[in-house]
Structures are given as structure tokens and as C-alpha cells.
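*Asks:* I am attaching a structure below and will ask some questions about it afterwards.
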Amino acid sequence: ALIRFYYWYWRMTLGMQVKYAEYGNYRFSYSSRGKPSIKPSILMLHGFSAHKDMWLSIVKFLPKTMHLICVDMPGHEGTTRSCIDDYSIEGQVTRIHQFVECIGLNRRPFHLIGTSMGGNVAGVYAAHYPTDICGLTLICPAGLQYPNESKFVKELKSLEQTRDVSKVPLIPSTPEEIGRA
């Protein structure tokens, strides 16, 4: 109850209103602020096991006049959860597109932001519906496939084979490295 109150308080403070959109027998939960205008709206997609309120710490830095929408991803928080639904990336892209159509967000191109799993969904959404969006921001997108492995990924795979944790670049090994973290 305390955590729900915390998020309620911050939504109210930031002017975010929780709303629901129905697509057939499917219900989307989202919060929004502002009204559509000549400036692009922003749709924010959270990562796995998170919810729409994870964006509140970012929302507080955005202009109050900006039209913002933070949706609970399929199967998360207040959006429908069903054991027969398709939770693959493609399935989620389909559901997010249904949400976008349901609230009329694609009447004008909008900016799409996604983090982690939501970043993957956002990237695939942009590939499937390029005319819907005018901008795309991917924050640590999880699961996207790239044609070539980066030097960093190659090194991590090599370290995984040797199991030498002392050489993992993500783990500080000296006081100086800890101070830089």
C-alpha cells in the first residue's frame, strides 16, 4: 500500500493521470499528461517486470506542456495479463500498435522511447510502423540482434570461456577503479 501511495503521489505531483483504453476484450493501463499538439507526443515503453510509473523520475524533467504517455506493457501492472496471450516481441509490438490506434496516437508521428525489453519492442515497432514515429530512443535495449558483434561482446564471450573473473571490465578490481564507478 505504501508503494502504491508513493507512485500515486508522484503521478499527482507531476500531473500524470491514469487512464484505460479498451481494444476488444483487452485493457491497456497508461498514464498521460498534456494534450496532443503540433509538437510530437512521446510514448514510453518500460522493461520486463517494470511498469508505467518507472518513467516518473524522467517525466519530472520534461515540460508540463509536452504530451506524454507511459503505458503498462502487455501482461504488466494494470494492462491485461492472460496465459494465452503472445508475449513474444512481435506479439507485444502488435499489442502496442493496437494501443496506439485505440487512443489515436498515430494521427501524427510520435516519438517512441523504450528501455530494456521495451527498447526491443520500440525498435521492432519502428521497423514495422515507420510512418507512425518521428523519433526513436532506445535505452539499453534488451535482445536486439545485431549483424556484427562489438569488440566488447566478443571480449565478454572470450572471458566467459576462460572463466577468469579478474579480467571482466565491468567489475572494478582496484580502489581507483571503484572511485571512478
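Residues 12 to 192, numbered by the working numbering, are exactly what the sequence shown covers, in order. The beta carbon of each residue, even a glycine, is placed where N, CA and C say it ideally should be.
Nearest CA to the CA of T76: which residue from Y31, M27, R92?
*Replies:* The shortest Cα separation from T76 among Y31, M27, R92 belongs to M27.
*Asks:* Can you look up S99 in the DSSP assignment and give me helix, strand or coil?
*Replies:* S99 falls in the coil class under three-state DSSP.
*Asks:* Helix, strand or coil for M23? Go by DSSP, reduced to three states.
*Replies:* Here M23 sits in helix by DSSP.
*Asks:* Just to check my reading of the structure: L123 and Y136 have Cβ atoms closer than 8 Å, yes? What is that Cβ distance to the nearest angstrom?
*Replies:* At roughly 6 Å, the Cβ-Cβ gap stays under 8 Å, so L123 and Y136 are in contact.
*Asks:* Is DSSP giving L79 helix, strand or coil here?
*Replies:* Strand.
*Asks:* Tell me where the beta strand (DSSP E) around F121 begins and ends.
*Replies:* Looking at the DSSP string, the run of the beta strand (DSSP E) that includes F121 is 121-126.
*Asks:* Looking only at its own chain, which residues have a Cβ that is under 6 Å from the Cβ of G146, when we skip the five neighbours before and after it?
*Replies:* Same-chain partners within the cutoff: H122.
*Asks:* What residue from S127, C151, L155 has the CA that sits closest to A138's CA?
*Replies:* Residue L155 is the option with its Cα nearest to A138.
*Asks:* With the cut-off set at 8 Å, would you say L67 and L25 are in Cβ contact?
*Replies:* In this structure, L25 lies closer than 8 Å to L67 by Cβ.
*Asks:* Look at the alpha carbon of M84 and the alpha carbon of S99, and state the distance between them as a whole number of angstroms.
*Replies:* Near 12 Å, if we compare the C-alpha coordinates of S99 and M84.
*Asks:* Work out the CA separation of F59 and S127 for me, nearest whole Å.
*Replies:* Looking at the two C-alpha atoms, the distance is approximately 7 Å.
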